[in-house]
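**Student:**
In my numbering, the protein residues as written are 7 to 176.
(1) Note down, in chain order, each residue of its chain lying with its Cβ closer than 7 Å to the Cβ of residue 141, except the 5 sequence neighbours on either side.
(2) What is the DSSP secondary structure of residue 106, reduced to helix, strand or coil?
(3) Under the rule that 16 or more other beta-carbon atoms within 10 Å means buried, what is residue 99, buried or exposed?
(4) Give the C-beta separation of residue 139 and residue 153 to the nearest angstrom, bearing in mind that I take them to be a contact with Cβ-Cβ under 8 Å.
(5) Out of 103, 94, 121, point me to the one whose CA is closest to residue 115's CA.
(6) Should residue 123 be labelled buried (16 or more other beta-carbon atoms within 10 Å of its own) or exposed?
(7) Distance, Cα to Cα, residue 65 vs residue 105?
(8) Going by DSSP in three states, residue 82 sits in which element: helix, strand or coil?
(9) Quick check on the burial criterion: 16 or more other C-beta atoms within 10 angstroms. Buried or exposed for residue 134?
(10) Residue 56: which of 88, 71, 73 sits nearest, CA to CA?
(11) I'd like to know whether the C-beta atoms of residue 41 and residue 60 end up nearer to each other than 8 Å.
(12) Contact check, residue 168 vs residue 43 under 8 Å by CB: the rounded distance?
(13) Taking only three categories from DSSP, how would you classify residue 141?
(14) Is it true that the CB of residue 161 sits closer than 8 Å to the CB of residue 77?
(15) Between which residues of its own chain and residue 121 is the CB-CB distance below 7 Å, once the five residues before and five after are set aside?
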């Protein structure tokens, strides 16, 4: 057990050290703070959602970012409003293309609020692709499309939206 701890600690330390060294040589900010609005359509039933999220993405290297989000979801099924849901999400994004303006990624989310109650709920996995459009020196507008799978209810959704991202730190 002690050897596993030492090995895990050593690998974690090396990962953090390389991430730090790499971040010192990067020409981009440490991360981005974003607000995202989107809509989604559940494919198994007559339901759609309006979604807003607050996101933070942090560079691990020139091509990789990790992120976290707080998400608000207002769903309508058959024209009837459903209880408000909120979730937290973690995800990774790989940046590619000329000037790294394309991103593809995926992650995991967990419902934490249903209606007005704090309540752990469903789990989700998702994938997305996005494009970063520079807005002068202010930040980026990022159109995106994605796929979401609800693990418990076995439902799939298609989503489309846009983010506005501003750089944080240097």
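Here a beta-carbon is modelled for each residue, glycine too, at the ideal position from N, C-alpha and C.
The structure presented is a predicted model; accordingly, all values stated were derived computationally and were not measured.
**Tutor:** For this structure:
(1) 147
(2) helix
(3) buried
(4) Contact doesn't hold; Cβ gap of about 22 Å is too wide.
(5) 94
(6) exposed
(7) 15 Å
(8) strand
(9) buried
(10) 88
(11) yes
(12) 6 Å
(13) strand
(14) no
(15) 89, 90
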